[in-house]
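Single-structure report; data block below.
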Amino acid sequence: MVKESKQPVQSGGAAEVDAGALVTDPDVLEGYRRDASPVIGSPEGLLRPADAGEAAGWLREAAARGMAVTACGLRTSTTGAGLAPHGWTMSCERMRGVVDIDVPGRTARVRPGMVLREFKDEVEAAGLFYPPDPTSERECAVGGTVACDASGARTYRYGATHRWIRSLEVALVDGSVHRFRRPAVDKDAAGFAALRNLVDLVCGSEGTLGFITEVEVDLIDRPEAFSSGLAFFRTRADAVAFVGAARIEDRAGTGVRPRCLELLDGGCLDILRVQDTAITPPAEADAAIFFEEEHAATEVGAMATMEAWWALLERSPGSLPDDTVVADDPARQDELRRLRHAVPATLNEEGRGYEAAGGRKISTDWAVPFEALGAFMTESDGRLEAAGIERVFRYGHVGNGHPHYNLLVRDGDERRRADAVIAWMCEEACRLGGTITAEHGMGKVKLHHAHHRFDPLTQAAMRAIKDRFDPTGILAPGNLFPA
9 MVKESKQPVQ SGGAAEVDAG ALVTDPDVLE GYRRDASPVI GSPEGLLRPA
59 DAGEAAGWLR EAAARGMAVT ACGLRTSTTG AGLAPHGWTM SCERMRGVVD
109 IDVPGRTARV RPGMVLREFK DEVEAAGLFY PPDPTSEREC AVGGTVACDA
159 SGARTYRYGA THRWIRSLEV ALVDGSVHRF RRPAVDKDAA GFAALRNLVD
209 LVCGSEGTLG FITEVEVDLI DRPEAFSSGL AFFRTRADAV AFVGAARIED
259 RAGTGVRPRC LELLDGGCLD ILRVQDTAIT PPAEADAAIF FEEEHAATEV
309 GAMATMEAWW ALLERSPGSL PDDTVVADDP ARQDELRRLR HAVPATLNEE
359 GRGYEAAGGR KISTDWAVPF EALGAFMTES DGRLEAAGIE RVFRYGHVGN
409 GHPHYNLLVR DGDERRRADA VIAWMCEEAC RLGGTITAEH GMGKVKLHHA
459 HHRFDPLTQA AMRAIKDRFD PTGILAPGNL FPA
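Yeah, the sequence shown ends on 491 if you go by the working numbering, and it's all consecutive.
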């Protein structure tokens, strides 16, 4: 158990209040109403606890009042998970910094409000490496990445966030603080396999079970070096087939060993063509694959790696190997990553221009088994064309069967037609053994697709767990479960 936090104090102005008090100033709350999603929150108060004890005390106070509490990171979510529809927002923004880096043990403890990229920089300065790399790593909080089980481009090699979490400190609504640990043994046959550690239960729970106050992660040795490449193809089907060939070589250990395989379709290449860069996609290319592979920090290591990729490209129908862009120095690698990230930034900007008419950018997050991906994309494209959705961009984690479809819909009617196709995508993805969300979580935006992913028995089991952790139902209304 922990000591109670200070009692709630009503606040009038943001500048002069104690950051540990309950803030109700409308001007301050305005900054907590929006994130990267189309959702708009309506918080009635803001909490910014400085430690686990303070967070637990506020949760107990909220439970006693019947006041809803929504955990909030740094507001980069695309699903509205951190936006309070009512009640209090509890932000982790004051809980920053690395607690400890254990170099011999290859672990680190970090507070939830620290920016992920800043944490990774400190880890890498110690000669270690934390692999999860969501696109928003320079803006998102570590705690937020745990809450939604975030991933990124390098998930192909390293998996999602939950794979790297060793323990979590969590404040609960009864005012207690618990440390949930992953078992340290290689084998464990005690009880339900899914509940042998509660780390995986909290990871991805989107604030519905408690408030994360500290994260302990496993680390690996920092890779000596890596090379990046951007390979071009005449058609998107050629690019997807190339990824399939790379996956086969990787699994057989006979050629390339990618840590990411990312698709850029023809529309994305058009965005790249107008960027201020010396990298220009060839006119005959209608798709590209961005890849990375780690290797020894020697000229021989870099050369052997790229020779393997070159050999695969030359064997791949529709490839344009002579136009491949290779980057094995940090400046060039950053340029390639900036180009890739220019795609969502450009689409976000265009999407905002349609909001007044009821349109916007809609991004899918489904994933399917890779073997089903080609046919699934073909069927999806046909349905989008039949629905009259013209502005469609496909990019992202194709190596995991997880390319994002980004639809730019210009008004409310087009949005409704797009939503109908996306509903089919989610249903069909799950029928194929996939999921409705592979890295962003459900939040509030994808909640209406949950029945495709979870049957009634599973939903009931999840609800029973939620009720045990949060018997008064105050935590994160609208996330994972209907409000």
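Each residue gets a CB set at the ideal place from its N, CA and C atoms; glycine is no exception.
Shown here, Asp43 sits in coil according to DSSP, grouped into three states, outside any helix or strand. For the set Arg348, Met433, Phe299, Ala305, the Cα lying nearest the Cα of Met385 is the one of Met433. In chain order, Ala134 place their CB closer than 6 angstroms to the CB of Val111, counting only its own chain and leaving out the 5 sequence neighbours on each side.
DSSP places Asn205 outside both helix and strand once states are collapsed to three, so it counts as coil. Put simply, of Val376, Glu379, Val429, Val154 the residue whose alpha carbon is nearest the alpha carbon of Gly449 is Val154. Glu363 and Thr32 have their C-alpha atoms some 29 angstroms from each other. Sequence-distant partners of Lys128 (beyond 5 residues in either direction) whose C-beta falls short of 6 angstroms from its own C-beta, in its chain, are Tyr138. Inclusion of Ser99 and Ser45 in the CB contact set at 8 angstroms is not warranted, their separation being larger than that value. Annotated three-state conformation of Ser85 is coil, per DSSP. Under the three-state reduction of DSSP output, Leu136 falls in the strand class. For Phe462 against Leu217, the beta-carbon gap comes to about 16 angstroms, at or over 8 angstroms, which does not count as contact. For Ile279, the secondary structure class from DSSP, reduced to helix, strand or coil, is helix. Taking the Cα of Gly215 as reference, the smallest distance to any Cα among Cys148, Ser144, Leu180 is reached at Leu180.
Contact between Gly252 and Phe378 holds, since their C-beta atoms are separated by about 7 angstroms, short of 8 angstroms. Asp182 sits in coil when the DSSP states are folded into three classes, being neither helix nor strand. Thr445 is bridged by DSSP to Asp373. At a cut-off of 4 residues, the continuous stretches assigned as alpha helix (DSSP H) that sit fully inside the segment 427-475 are 458-461.
By the neighbour-count definition (other C-beta atoms within 10 Å, threshold 16), Pro290 is an exposed residue. Here the alpha carbons of Ala458 and Asp336 stand approximately 42 angstroms from one another. Boundaries of the alpha helix (DSSP H) harbouring Thr313: 307-323, taken from the DSSP string. Within the DSSP bridge table, the entry for Asn414 names Ser371, Phe401 as partners. Cβ-Cβ distances below 7 angstroms link Thr169 to Pro140, Thr153, Val154, Asp157, Ala158, Ser159, Cys211 in the same chain, with the five nearest sequence neighbours on each side left out; the list follows chain order. Approximately 24 angstroms separates the beta-carbon atoms of Arg174 and Glu101; this is outside 8 angstroms, ruling out the contact. Following the DSSP letters along the chain, one finds Ile256 inside the alpha helix (DSSP H) bounded by residues 244-260. Shortest Cα-Cα distance from Arg267 to any of Tyr164, Pro479, Ala437, Ile397 involves Tyr164. Bridge pairing for Thr97: Leu54, Thr78 [DSSP].
The beta carbon of Arg162 is closer than 8 angstroms to those of Pro139, Pro140, Asp141, Arg267, Cys268, Glu300 in its chain, skipping five residues each way along the sequence.
When secondary structure is reduced to three states using DSSP, Arg265 falls in the coil class, being assigned neither helix nor strand. Here the C-alpha atom of Met122 lies approximately 43 angstroms from the C-alpha atom of Asp330.
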